[in-house]
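K.L.:
Note that my numbering gives residue 104 to position 120 of the sequence shown, counting from 1, and the numbers run on in steps of one. In this text, a Cβ means the ideal position worked out from N, Cα and C, and glycines have one as well.
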Amino acid sequence: MGKIYEALMKAEEESGQPGTEQAMPLAPSYGFDPQGELVVLGKPGSVIAEQFRFLRSQLIRPQEGCSPRTIQVTSSLPGEGKTFAASNLAVTVSQGLDEYVLLVDMDLRNSRMGKVFGFKEDTPGLSEHLAENIPLEKLLQKTSLKKLTLVTAGTKIEKPAELLSSYRMKEFIQEIRNRYPDRYVIIDSPPIEMAPESLAIANEVDGVFLLVLRAKTPRDRVATSLERIKKEKILGLIFNGDQKSHHNYRNKSAKLSGYGYGYCYK
Ligand SMILES: Nc1ncnc2c1ncn2[C@@H]1O[C@H](COP(=O)(O)OP(=O)(O)O)[C@@H](O)[C@H]1O
Ligand SMILES: [Mg+2]
């Protein structure tokens, strides 16, 4: 854990410094990316795209152990960039030579992944599979990217926690692991502090990336999240954040004055 805390301290220190990183406008709209959030496509030469490629290399060729295949992206609180990171990571991994990706939106409370990839809100997905037994193969959505397939969160349901903490959810993760052993499965999920199902998901996946919003996520929240996730599951922290104001993210015309994606090993 030592290195994680060192990294947190470093991120805090850096956030107090004037932006040394390049300003970067958000990605232009890509047709299937109406919000322009897939910066790895819109700005492949940017530092942030480079950081996602770095993450991909850490995933595919880890310094030790096997490459994790089922990967959850989560964070302590809402709005810290989980969907942004999961989608850009998924695109980046799928851009590798041999890597196929299944991206799954398991945030049934605040599902956004379908929208990022230009799908309609009522596109069936995980909730139909879990609640109505619709077979998974009917829910795989092809994206414009050849090696990236999406399972949306599906139609909004009443009690996502019950569904996602259920035996069906475990079965679902087992099923995708067994049926697609050659794919990287990247799972977007709700915030740990707001949704107990996120920890249930963490117990089933190979590894978890915990997002930290630079200068925003309180360090004690990060520490609590780290305590809750089984240590052996933590792949690392991803530091996300505009150094001046996160509100800039929501203003698509604003230039980001700085951001950082970092990665650190346990
Ligand atoms: N590094 C970033 N650069 C630009 N926009 C970002 C970044 N991180 C998050 N955002 C934006 O901030 C908003 C919230 O992020 P989101 O991924 O939906 O958070 P979460 O999934 O954790 O609730 C979205 O509009 C997203 O596009
Ligand atoms: Mg989200």
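Among Gly20, Arg45 and Gln56, which has the Cα closest to the Cα of Lys217?
P.N.:
If we check each option's Cα against that of Lys217, Gln56 comes out closest.
K.L.:
For ligand 2, is there any heavy atom lying closer than 7 Å to the beta carbon of Arg212?
P.N.:
Because no heavy atom of ligand 2 lies under 7 Å away, the Cβ of Arg212 does not count as near it: no.
K.L.:
Report buried or exposed for Gly49, applying the criterion of at least 16 other Cβ atoms within 10 angstroms of its Cβ.
P.N.:
Classification for Gly49: exposed.
K.L.:
Spell out a yes or no on whether the segment 129 to 141 and the segment 175 to 184 are touching, meaning 3 or more CB-CB pairs, one atom from each, closer than 8 Å.
P.N.:
Judged by Cβ distances under 8 Å, the segment 129 to 141 makes no contact with the segment 175 to 184, as fewer than three pairs qualify.
K.L.:
Ordered along the chain, which non-local residues of its own chain (more than five positions away) have a Cβ less than 7 Å from that of Ala207?
P.N.:
Nothing listed; no residue qualifies.
K.L.:
Leaving out the 5 sequence neighbours to the left and right, which residues in its chain are closer than 8 Å to Ser149 when beta-carbon positions are compared?
P.N.:
Taken in chain order, the residues that qualify are Pro180, Glu181 and Ala184.
K.L.:
Is the CB of Tyr84 under 8 Å away from at least one CB in chain C?
P.N.:
Looking at the structure shown, chain C is missing, and only one protein chain is on hand.
K.L.:
When you compare the CB positions of Arg161 and Arg53, do they come within less than 8 Å of one another, or not?
P.N.:
Yes, these two residues count as a Cβ contact at 8 Å.
K.L.:
Which value, in whole angstroms, describes the spacing of the CA atoms of Gln47 and Lys104?
P.N.:
Computed Cα separation, rounded: 40 Å.
K.L.:
Taking 8 Å as the limit between beta carbons, can you name the residues of its chain near Asp106, skipping five residues before and five after?
P.N.:
Once the five neighbours on either side are set aside, the close Cβ partners of Asp106 are Thr139.
K.L.:
Using 10 angstroms around the beta-carbon of Asp166, count the other beta-carbons present and answer buried if the total reaches 16, otherwise exposed.
P.N.:
Exposed: under 16 other Cβ atoms inside 10 Å.
K.L.:
In whole angstroms, give me the CA-to-CA distance for Ala74 and Leu87.
P.N.:
Roughly 6 Å between the two C-alpha positions.
K.L.:
What does the Cβ neighbour count give for Pro144, buried or exposed, with the cut at 16 atoms within 10 Å?
P.N.:
So Pro144 counts as buried.
K.L.:
Let me know if Arg45 comes out buried or exposed under the rule of 16 or more other beta-carbons within 10 Å of its beta-carbon.
P.N.:
That one is exposed.
K.L.:
Is the Cβ-Cβ distance between Asn72 and Leu147 less than 8 Å?
P.N.:
Cβ atoms of Asn72 and Leu147: not closer than 8 Å.
K.L.:
CB-CB under 6 Å to Leu134, same chain, minus the five flanking residues each way: which ones, in chain order?
P.N.:
Contacts found: Leu87, Phe101, Gln125 and Thr127.
K.L.:
Beta carbon of Lys27, beta carbon of Ser78: below 8 Å?
P.N.:
No, Cβ-Cβ distance for Lys27 and Ser78 is not below 8 Å.
K.L.:
Is Thr67 near ligand 2, in the sense that its beta carbon is under 7 Å from a heavy atom of that ligand?
P.N.:
Checking the Cβ of Thr67 against ligand 2 gives yes.
K.L.:
In the DSSP assignment, the beta strand (DSSP E) including Val31 goes from what residue to what residue?
P.N.:
That residue, Val31, is in no beta strand (DSSP E); its alpha helix (DSSP H) goes Val31 to Ile44.
K.L.:
Can you tell me whether Gly191 is buried or exposed, with buried defined as 16 or more other CB within 10 angstroms of its CB?
P.N.:
Buried: at least 16 other Cβ atoms inside 10 Å.
K.L.:
Which whole runs of the alpha helix (DSSP H) in the segment 88 to 166 are 4 residues long or more, in chain order?
P.N.:
Here the runs fully enclosed are 97 to 100, 110 to 116, 144 to 148 and 151 to 163.
K.L.:
Any chance the CB of Pro144 is under 7 Å from a heavy atom of ligand 1?
P.N.:
It does not: the Cβ of Pro144 is nowhere closer than 7 Å to a heavy atom of ligand 1.
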